[in-house]
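Peer 1:
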Amino acid sequence: MFAAQQSPPDPCYDENGKPRRCIPDFVNAAFGKEERARVCHICDSAAPKRQHPPSYLTDLHNPNNVTCWQSEPYIQYPTNVTLMLSLGKKFELTYVTLQFCSPRPESMIIYKSMDYGKSWVPYQFYSTQCKKTYQKPNRALITRANEQEAICTDAHSDIEPLTGGRVAFSTLEGRPSAFNFDNSPVLQDWVTATDIKVVFNRLNTLGDEAEEASRDSYYYAVSDFAVGGRCKCNGHASKCVHDREGRLACDCKHNTAGDECDHCKPFHYDRPWQRATARDANECIACNCNLHARRCRFNMELYKLSGRKGGGVCLNCRHNTAGRHCHYCKEGFYRDESKPITHRKACKACDCHLVGASGKTCNQTTGQCPCKDGVTGLTCNRCAKGFQQSRSPVAPCIIIQCSILSREILGEWTKFTINVGTIFKREQSLKLRRGDQYMYVRQSDLQCKCPKLRLGRKYLLMGSVDSNNNREGLTLDYRSTSIPWRNRWGKRLRRLQRRQKDGKC
Numbered sequence: 001m002f003a004a005q006q007s008p009p010d011p012c013y014d015e016n017g018k019p020r021r022c023i024p025d026f027v028n029a030a031f032g033k034e035e036r037a038r039v040c041h042i043c044d045s046a047a048p049k050r051q052h053p054p055s056y057l058t059d060l061h062n063p064n065n066v067t068c069w070q071s072e073p074y075i076q077y078p079t080n081v082t083l084m085l086s087l088g089k090k091f092e093l094t095y096v097t098l099q100f101c102s103p104r105p106e107s108m109i110i111y112k113s114m115d116y117g118k119s120w121v122p123y124q125f126y127s128t129q130c131k132k133t134y135q136k137p138n139r140a141l142i143t144r145a146n147e148q149e150a151i152c153t154d155a156h157s158d159i160e161p162l163t164g165g166r167v168a169f170s171t172l173e174g175r176p177s178a179f180n181f182d183n184s185p186v187l188q189d190w191v192t193a194t195d196i197k198v199v200f201n202r203l204n205t206l207g208d209e210a211e212e213a214s215r216d217s218y219y220y221a222v223s224d225f226a227v228g229g230r231c232k233c234n235g236h237a238s239k240c241v242h243d244r245e246g247r248l249a250c251d252c253k254h255n256t257a258g259d260e261c262d263h264c265k266p267f268h269y270d271r272p273w274q275r276a277t278a279r280d281a282n283e284c285i286a287c288n289c290n291l292h293a294r295r296c297r298f299n300m301e302l303y304k305l306s307g308r309k310g311g312g313v314c315l316n317c318r319h320n321t322a323g324r325h326c327h328y329c330k331e332g333f334y335r336d337e338s339k340p341i342t343h344r345k346a347c348k349a350c351d352c353h354l355v356g357a358s359g360k361t362c363n364q365t366t367g368q369c370p371c372k373d374g375v376t377g378l379t380c381n382r383c384a385k386g387f388q389q390s391r392s393p394v395a396p397c398i399i400i401q402c403s404i405l406s407r408e409i410l411g412e413w414t415k416f417t418i419n420v421g422t423i424f425k426r427e428q429s430l431k432l433r434r435g436d437q438y439m440y441v442r443q444s445d446l447q448c449k450c451p452k453l454r455l456g457r458k459y460l461l462m463g464s465v466d467s468n469n470n471r472e473g474l475t476l477d478y479r480s481t482s483i484p485w486r487n488r489w490g491k492r493l494r495r496l497q498r499r500q501k502d503g504k505c
């Protein structure tokens with residue numbers, strides 16, 4: 001029997017599955033990258049043994065078989081030679097080194113870019129004459145106040161050795177906060193780069209450059225250009241991979257996203273994104289929306305009030321829920337305790353009776369609707385003990401949906417022309433049909449807005465009808481109720497009709 005092959009453990013999680021800081025492997029970020037050189041010429045491109053192209057800068061450096069890039073002879077100050085290296089994404093750099101086949105430059109600058117070459121900032125100055133060439137003091141003291149600034153040094157600027165000399169720049173050497181790098185955003189920013197540029201400003205000479213014959217022996221020649229560092233993933237990835245577009249990006253863990261794992265992935269906004277440290281992986285936490293929302297946002301004030309435990313706010317709660325965590329039922333619904341809050345039917349409609357209830361909001365725990373006097377039942381759909389159904393708005397003779405078309409004042413009465421759209425309830429003896437009808441209301445009742453009616457509006461009318469053989473149509477009084485019509489009521493009223501027909505209402 002062969003032992004089952006196990007996948008290698010994920011460095012971003014411990015043996016118990018708990019998140020921990022992880023970092024990509026340390027690499028020479030320059031190896032194999034395309035190098036661009038300006039103000040340089042190949043000595044003889046037709047002769048392989050005499051070629052000195054920029055690709056020699058970033059090939060495999062073999063001390064037994066040294067390959068060199070070489071510039072045009074005697075490019076002297078103020079003309080300069082520039083080498084540019086694109087890393088393809090953000091890296092956190094430890095060092096930049098150059099190995100020379102010629103004498104090292106008398107003056108040179110290393111620059112870095114954090115925006116793929118759009119802008120450049122100095123990384124380090126080298127010169128035997130710092131003040132004269134770059135207007136900077138030689139070997140200035142680095143303090144916490146200036147540890148994110150480039151300094152100038154006369155180290156590595158001698159003409160000797162004539163070949164094989166090396167310039168090595170350490171990004172953190174001498175920086176006071178280096179020992180506490182995890183908690184130093186300034187240095188984290190300082191070591192970050194997408195591109196490196198080296199500018200050779202002045203050749204080192206033996207003082208014989210006045211002789212024309214000697215000038216051809218002075219040039220810049222580099223055998224190796226190395227940039228040591230790690231793919232920048234902010235402690236949330238153990239490797240970088242190429243995405244579908246061929247771009248280098250972090251293989252993010254801890255619910256993070258982005259080329260540098262520099263933000264939380266969607267729906268994981270319960271606490272703010274943070275860089276991982278040795279003490280805490282600072283993983284992004286999913287919002288607690290009880291399975292009722294697909295989107296959320298972060299609120300810093302709520303996060304602080306919670307003792308920095310959670311600041312997520314759910315958006316567009318579904319399934320008739322509401323609240324920051326979609327943790328209670330919205331108005332007009334109550335909790336079904338037989339189902340967990342995460343169930344899509346955890347909230348039931350109150351279904352408060354349109355006439356028997358004094359409001360549409362019920363108790364969110366019991367579902368009890370607020371009933372009018374003499375009415376009882378969970379939805380206020382029946383008379384209480386000792387009461388009987390009467391001809392009042394609580395138990396109206398008619399319930400119709402109609403539009404007010406016109407009105408005419410006839411003495412103490414106002415005659416309305418209405419269009420009856422739907423008849424939900426009527427007395428059998430009452431002649432009532434859909435379409436245009438007349439309706440009469442006393443002027444005194446209208447003045448006190450009993451009922452309140454406006455032309456061009458659509459209403460749900462409920463009330464008793466006074467029979468009057470001298471008038472054609474309906475006659476309503478102050479006991480009638482008019483409610484501006486809402487389309488969603490139609491379905492609900494028909495449901496009540498069916499329940500009444502079945503003897504359930």
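If you count by the UniProt record's numbering, then the sequence shown holds residues 1 to 505, one letter each, in order.
For glycine and all other residues, C-beta sits at the position ideal for the given N, C-alpha and C.
Nothing here was measured: the structure is a model prediction, and the numbers come from that model.
Once DSSP output is grouped into helix, strand and coil, what is the label at Val191?
Peer 2: Looking at Val191 - three-state DSSP - the assignment turns out to be coil, as it is neither helix nor strand.
Peer 1: Does any residue of chain B have a CB that is nearer than 9 Å to the CB of Ala346?
Peer 2: Protein chains in the displayed structure number just one, and chain B is not present.
Peer 1: Go to Ser444, then tell me how far its beta strand (DSSP E) extends in each direction, as first and last residue.
Peer 2: Segment Gln443 to Gln447 is the alpha helix (DSSP H) holding Ser444; no beta strand (DSSP E) there.
Peer 1: Quick one, which of Gly435, Gly421, Gly456 and Asn381 has its alpha-carbon nearest Arg499's?
Peer 2: For Arg499, the nearest C-alpha among the options comes from Asn381.
Peer 1: Could you compute how far the alpha carbon of Leu87 sits from the alpha carbon of Phe200?
Peer 2: Rounded to whole angstroms, Leu87 to Phe200 spans 20 Å at the Cα level.
Peer 1: Using the beta-carbon count (16 or more within 10 Å), is Met84 buried or exposed?
Peer 2: Label assigned to Met84: buried.
Peer 1: Taking 9 Å as the threshold (C-beta atoms), are Ala357 and Cys371 in contact?
Peer 2: Closer than 9 Å, so yes.
Peer 1: Over what stretch of residues does the alpha helix (DSSP H) that includes Tyr303 continue unbroken?
Peer 2: From DSSP, the alpha helix (DSSP H) with Tyr303 extends over Met300 to Leu305.
Peer 1: Assess contact between the stretch 221-228 and the stretch 91-98, defined as three or more Cβ pairs (one per stretch) separated by less than 8 Å. Is contact present?
Peer 2: Yes, they touch.
Peer 1: Hey, quick one: how far does the beta strand (DSSP E) through Leu93 stretch, first residue to last?
Peer 2: Run containing Leu93: Val81 to Phe100, per the beta strand (DSSP E) assignment.
Peer 1: Would you decide whether Ser107 is buried or exposed? Buried here means 16 or more other CB atoms lie within 10 Å of its CB.
Peer 2: With 16 or more Cβ atoms within 10 Å of its Cβ, Ser107 is classed as buried.
Peer 1: Could you tell me the boundaries of the alpha helix (DSSP H) in which Tyr134 lies?
Peer 2: Looking at the DSSP string, the run of the alpha helix (DSSP H) that includes Tyr134 is Cys130 to Tyr134.
Peer 1: Please look up how many angstroms separate the CB atoms of Cys314 and Cys296, rounded, as I've assumed it's under 8 Å.
Peer 2: Contact holds; Cβ gap of about 5 Å.
Peer 1: Quick check on the burial criterion: 16 or more other C-beta atoms within 10 angstroms. Buried or exposed for Phe100?
Peer 2: Flag for Phe100 reads buried.
Peer 1: Considering only C-alpha positions, which residue in the set Val375, His343 and Thr365 is nearest to His353?
Peer 2: Out of Val375, His343 and Thr365, Val375 has the C-alpha closest to the C-alpha of His353.
Peer 1: With three or more C-beta pairs closer than 8 Å as the rule, is the stretch 402-418 touching the stretch 435-448?
Peer 2: Taking 8 Å as the limit for Cβ pairs, the verdict is that the stretch 402-418 does touch the stretch 435-448.
Peer 1: Looking at C-alpha atoms only, which residue of Tyr134, His325 and Phe424 is the closest neighbour of Pro78?
Peer 2: Of the candidates Tyr134, His325 and Phe424, the one whose C-alpha sits nearest the C-alpha of Pro78 is Tyr134.
Peer 1: Please classify Ile409: is it buried, with 16 or more other beta-carbons within 10 angstroms of its beta-carbon, or exposed?
Peer 2: Per the 10 Å Cβ criterion, exposed.
Peer 1: Flag this pair as yes or no: are the beta carbons of Arg166 and Arg104 separated by less than 9 Å?
Peer 2: Yes, the Cβ-Cβ distance between Arg166 and Arg104 is below 9 Å.
Peer 1: Please state if the CB of Ile423 and the CB of Tyr459 are separated by a distance shorter than 9 Å.
Peer 2: The answer is no: Cβ separation not under 9 Å.
Peer 1: Who are the Cβ neighbours of Arg454 in its own chain at under 8 Å, not counting the five residues just before and after it?
Peer 2: If we look at Arg454 and ignore the five residues flanking it on each side, its Cβ neighbours are Ile404.
Peer 1: What is the rounded straight-line gap between the Cα of Gly307 and the Cα of Arg275?
Peer 2: C-alpha separation (whole angstroms): 20 Å.
Peer 1: Nearest-angstrom Cα distance between Lys265 and Cys289?
Peer 2: C-alpha separation (whole angstroms): 16 Å.
Peer 1: Where does Leu242 land, buried or exposed, given buried means 16+ other C-beta within 10 angstroms?
Peer 2: The question names Leu, but residue 242 is His in the sequence shown. Exposed, by the Cβ-count rule.
Peer 1: From which residue to which residue does the alpha helix (DSSP H) around Leu493 run?
Peer 2: Start and end: Trp489 to Lys501.
Peer 1: Can you pull the DSSP bridge partners for Pro451?
Peer 2: DSSP lists no partner for Pro451.
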